[in-house]
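Take a look at the structure below.
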Amino acid sequence: MANQEDLKLEDVIAGLRAREVELARRVAAVGAEKRRAHGSLDPSFPEQATQRENDEVLDGLDEVERSELAAVRAAIRRAEEGAFGTCDACEEPIRPARLRADPAATLCIGCAEAAERAAARD
Ligand SMILES: [Zn+2]
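Mapped onto my numbering, the consecutive letters of the sequence shown carry residue numbers 1443 to 1564.
This is how it looks when you write it as structure tokens:
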């Protein structure tokens, strides 16, 4: 039988903290890479265009990692408050299998699918 005990909270928090460290390291690395790139803008136009493209890639990466980092930190906070694993929308428990796949999930599968359908309608 699948229940919340299948998922040890301390294991989940340990996993989230490891993820937080990894993401924070990557966000810092992207920031350093962007500063480095800007410090040496090439005078030739084609090179500048390439650097701008690289910037866009870095910005995209930065955004994805920053938002994931925020989600991971929010999950750690919820875990510390004892609210981990509860759906933000319907307040039902989120299934352990879902939390194992995505410990930062804030919605149960039903509410996540409903939110996705709502987003797809826009
Ligand atoms: Zn829900």
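Even glycine gets a Cβ: it sits at the ideal position worked out from N, Cα and C. Here the structure is a predicted model, which means the values were calculated and not measured.
Burial state of residue i, where buried means 16 or more other Cβ atoms lie within 10 Å
i: methionine 1443; result: Here the model assigns methionine 1443 a pLDDT of 43, short of 50, so the residue's position is not dependable, and the following value carries that caveat. It is exposed - the Cβ of methionine 1443 has fewer than 16 other Cβ atoms within 10 Å.
i: valine 1514; result: buried
i: glutamate 1522; result: exposed
i: alanine 1525; result: exposed
i: glutamate 1507; result: buried
i: proline 1434; result: The structure shown does not extend to residue 1434, since the chain is modelled only from 1443 through 1564, so no value can be given for it.
i: alanine 1516; result: exposed
i: alanine 1470; result: exposed
Alpha-carbon to alpha-carbon, residue j and residue i
i: leucine 1500; j: cysteine 1550; result: 32 angstroms
i: glycine 1527; j: arginine 1519; result: 12 angstroms
i: leucine 1451; j: aspartate 1504; result: 29 angstroms
i: proline 1538; j: alanine 1512; result: 21 angstroms
i: alanine 1456; j: aspartate 1484; result: 44 angstroms
Bridge partner(s) assigned by DSSP for residue i
i: proline 1535; result: Thr1528
Under 8 angstroms: do the segment 1449-1462 and the segment 1489-1501 share three or more Cβ pairs, one atom per stretch? no
Kindly confirm or deny that the segment 1546-1560 and the segment 1526-1535 touch, where touching means at least three C-beta pairs closer than 8 angstroms. yes
Three or more C-beta pairs under 8 angstroms: does that hold for the segment 1463-1482 against the segment 1536-1551? no
Runs of alpha helix (DSSP H) wholly within the segment 1471-1533 (minimum 4 residues, chain order): 1487-1523
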